[in-house]
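**Q** Under my numbering, the letters of the sequence shown match residues 253 to 814, in that order.
Where a beta carbon is used, it is the ideal one built from N, C-alpha and C, also for glycine.
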Amino acid sequence: MVKMSQVKIPVKTILDTMPGQNSRHGTITKKEKELILQAASKSLGIPEDEVRNFVVKKKSLDARKKGNQENNIYYIYHVEFNCNNEQKLVRRYGKNDVAFIPDKENGKYAKNILLCGNNTRKDRHHVLVAGFGPAGLFAALVLARAGFNPVIIERGQNVRERKKTVSRFWEGGELNPECNVQFGEGGAGTFSDGKLNTLIKDKDGLNHMVLNTLAEFGAPSEILYLQKPHIGTDRLADVVESMRNEIIKLGGIIYFNTKLTNIIYEDGCIKGVKISKISDNGICGEEQEIKCTHLVLAIGHSARDTFYSLHGRGLYIEPKAFAIGVRVEHPQDIIGYSQYGELYKKLPAADYKLTCKTKDGRGIYSFCMCPGGYVVNASSEPGRLAVNGMSNYARNGRNANSAIVVTVSPEDFGGRGALAGIEFQRKWEEEAYRQSGGKIPVQLFGDFCNNIKSTGFGEIMPDMKGGYMLANTRAALPGLVGNLVEEGIKNFGKKIKGYSREDVLVSGIESRTSSPVRINRDKDFQANIHGIYPCGEGAGYAGGITSAAADGIRVALAVINS
Ligand SMILES: Cc1cc2nc3c(=O)[nH]c(=O)nc-3n(C[C@H](O)[C@H](O)[C@H](O)COP(=O)(O)OP(=O)(O)OC[C@H]3O[C@@H](n4cnc5c(N)ncnc54)[C@H](O)[C@@H]3O)c2cc1C
């Protein structure tokens with residue numbers, strides 16, 4: 253095959269082919285595909301009708317050199333196709349954005365998964381998966397497809413019930429500590445922007461397998477080729493439900509409102525777990541036991557009570573660095589205009605990625621940016637408050653929001669021991685809760701710089717899920733973090749016009765950026781207790797939906813081949 257990675261077409265040319273059509277999702281239209289084929293064959297000097305099996309593998313937007321010229325914004329396409337004399341053509345073209353690639357064979361993991369079906373071990377393995385977030389979901393699907401009839405326990409409710417429980421909380425109801433933005437079917441990612449891009453290299457084809465699987469279960473098809481694919485909260489719930497139904501159809505058993513409370517092991521080998529049934533209002537029932545030979549521990553970064561009980565029971569856990577900070581809100585128009593000029597009204601909601609080194613050499617960066625999204629109350633423990641961000645598929649909210657965070661490491665936690673990071677998070681989440689009586693504390697950036705409570709809004713109004721209150725968000729941050737956030741936002745104001753305006757909104761705290769612990773695993777993916785497979789973000793082996801799902805596949809294969 254011939255691979256071309258830099259087929260460039262001015263955005264205006266593409267937009268002109270779809271007058272009035274919705275170009276905000278980046279979906280490739282029939283007309284657009286014709287233009288890409290035209291551009292590719294023209295730059296190689298071959299007739300269009302000689303091109304066969306033409307596929308668009310990647311589509312990205314490049315506005316880096318836009319200056320004030322809208323014509324300087326391009327869509328960049330990566331395409332693959334067959335034609336005559338491929339190697340001779342590539343040699344003649346002689347540039348490195350065109351290459352000859354042997355016809356692809358399935359990635360290593362894809363082949364392994366296909367082979368799993370006739371695995372004889374399935375009769376001896378009693379596999380339990382704890383946690384039904386992306387990691388647990390994909391692990392369970394691979395195990396079910398291999399005929400291992402996994403048993404899955406999830407402390408939260410199924411996704412439909414969970415949405416109601418979370419909405420009730422956001423509308424002022426009580427927090428359910430067992431079912432909230434962090435806990436429940438689909439995991440933390442269900443109430444998210446559903447961004448699927450990951451920085452983790454896809455050397456074994458797992459990220460692509462995750463995207464293919466999500467598309468197979470109903471995610472929008474453009475996730476397979478967009479540089480920055482996203483699903484949106486509203487579409488993610490349906491995808492999760494379809495995957496769950498497939499797992500059940502293949503023999504998997506799922507217990508919602510069922511929490512892993514402890515482990516049972518002998519001679520260093522897992523024998524079973526203790527579980528507790530959860531009532532609808534989040535009360536834990538009596539402990540029961542479930543036997544298992546393999547435990548996939550995919551409990552996410554917020555399962556603090558479970559980390560305590562498992563650590564207390566002898567599971568080796570160590571502290572891990574994570575990031576902490578605030579979430580800022582800007583009018584989406586400011587971001588759109590800054591990134592794409594006037595064209596922003598016709599293009600997908602603009603995002604940004606900002607980073608800088610502060611005077612004292614520490615890094616501050618934007619994280620989990622949600623274009624056209626909402627700031628959400630993402631708390632999971634009574635009396636403690638954490639925020640995060642989410643968007644729907646349309647990304648048509650009036651504000652853009654993003655976390656602005658600093659990495660903190662065990663030296664910063666001020667405590668000792670494996671779980672010191674959790675206590676550090678809890679301390680500042682309690683401060684955030686105190687600042688505004690359990691509502692989301694919101695402060696104007698000008699007041700943030702003066703460390704004073706805000707008393708009124710400027711032009712920008714919050715767009716949030718969950719009650720909010722004007723407060724002194726800075727008081728809910730460690731002093732150093734407050735200083736670095738101020739310095740960072742001022743620095744970013746030089747990169748995006750209006751980014752550090754006095755009336756920009758700062759809410760907090762953003763503390764659940766990744767896991768504060770790591771549950772070590774060996775080369776066979778097993779913990780210090782044999783048969784336990786730490787998996788996903790909570791175990792410290794992933795960050796984000798796609799990498800957590802990919803880790804779920806990796807771990808499931810380790811269980812299947814153990
Ligand atoms: C609001 C929000 C927005 C986000 N936006 C994005 C985004 O746009 N893109 C992105 O890539 N990432 C995003 N993330 C991060 C992403 O959600 C996580 O990285 C990902 O979900 C981690 O997957 P996981 O399966 O490892 O853990 P989780 O998704 O945290 O799932 C763990 C599951 O285990 C369950 N559990 C915990 N303890 C127990 C127990 N004791 N017994 C039984 N079950 C238990 C929990 O209820 C949960 O369902 C967002 C996170 C949040 C909170």
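#1: If we ignore side chains and look at the alpha-carbon of each, how far apart do H330 and P299 end up?
#2: According to DSSP, is S759 part of a helix, a strand, or is it coil?
#3: Identify every run of the alpha helix (DSSP H) within the stretch 368-402, keeping only runs that are complete inside it and at least 4 residues long; order them along the chain.
#4: Is K605 helix, strand or coil when you go by DSSP?
#5: Could you give the first and the last residue of the continuous beta strand (DSSP E) run that contains S312?
#6: Between L722, S631 and A351, which lies nearest to C335 when the distance is taken from Cα to Cα?
#7: What is the DSSP secondary structure of N648, counted as helix, strand or coil?
#8: For the pair the stretch 575-590 and the stretch 613-626, tell me if three or more CB-CB distances fall below 8 Å.
#9: Determine the contact status of K480 and N449, defining contact as a CB-CB distance below 8 Å.
#10: Is the Cβ-Cβ distance between A555 and G388 less than 8 Å?
#11: Please classify A801 as buried or exposed, where buried requires at least 16 neighbouring CB atoms within 10 angstroms.
#12: Under the DSSP definition of a beta bridge, which residues are partnered with H546?
#13: Say whether chain D places a C-beta atom closer than 8 Å to the C-beta of T725.
#14: Looking at the unbroken alpha helix (DSSP H) that takes in A802, where does it start and where does it end?
#15: Looking only at its chain, what residues have a beta carbon closer than 6 Å to the beta carbon of R276, apart from the 5 residues adjacent to it on each side?
#16: Could you tell me if the beta carbon of H553 falls within a distance shorter than 7 Å of some heavy atom in ligand 1?
#17: Taking all protein chains shown into account, do 16 or more other C-beta atoms lie within 10 angstroms of the C-beta of V307, making it buried, or fewer, making it exposed?
#18: Indicate, with yes or no, if ligand 1 has a heavy atom lying under 7 Å from the CB of G436.
#19: Excluding five sequence neighbours on each side, which residues of the same chain lie with their C-beta closer than 7 Å to the C-beta of T558?
#20: With distances taken from CA atoms, which of F435, N653 and P402 is nearest Q409?
#21: Any idea what DSSP makes of M716, helix, strand or coil?
#22: Scan the stretch 433-505 and note each continuous alpha helix (DSSP H) run of 4 residues or more that stays entirely inside, going in chain order.
#23: Measuring straight from C-alpha to C-alpha, what distance separates C536 and T545?
#24: Just the C-alpha distance for S444 and R753, rounded to the nearest angstrom, thanks.
#25: With DSSP collapsed to three states, give me the class of T707.
#26: Distance check for S767 and V811, CA to CA, integer angstroms please.
#27: If you measure from the CB of C544, is any heavy atom of ligand 1 nearer than 7 Å?
#28: I'd like the list of long-range same chain contacts for Y596, defined as Cβ closer than 7 Å, with 5 residues on each side in sequence excluded.
#29: Would the beta-carbon of D664 be found less than 7 Å away from any heavy atom of ligand 1?
#30: Is any heavy atom in ligand 1 found nearer than 7 Å to the beta carbon of E773?
#31: Kindly identify the DSSP beta-bridge partner or partners of F665.
#32: Measure the Cβ-Cβ separation of M716 and I692 and say whether it is below 8 Å.
#33: Could you give the residue range of the beta strand (DSSP E) that holds F574?
#34: So is the beta-carbon of N640 under 7 Å away from any non-hydrogen atom of ligand 1?
#35: Taking the DSSP output, what are the residues bridged to V660?
#36: For K611, does the three-state DSSP call read helix, strand or coil?
**A** To lay it out plainly:
#1: 19 Å
#2: strand
#3: 386-397
#4: coil
#5: R304 to D314
#6: A351
#7: coil
#8: yes
#9: yes
#10: no
#11: buried
#12: V379
#13: Included in the structure is just one protein chain, with no chain D present.
#14: I797 to I812
#15: P600
#16: yes
#17: exposed
#18: yes
#19: L512 and I551
#20: F435
#21: strand
#22: 458-468 and 485-501
#23: 25 Å
#24: 26 Å
#25: coil
#26: 23 Å
#27: no
#28: G588, Y589 and A602
#29: no
#30: Correcting the residue identity first, residue 773 is Arg in this sequence and not Glu. No, since every heavy atom of ligand 1 falls outside the 7 Å radius drawn around the Cβ of R773.
#31: Bridge partners of F665: none, in fact.
#32: yes
#33: F574 to P583
#34: yes
#35: F574
#36: coil
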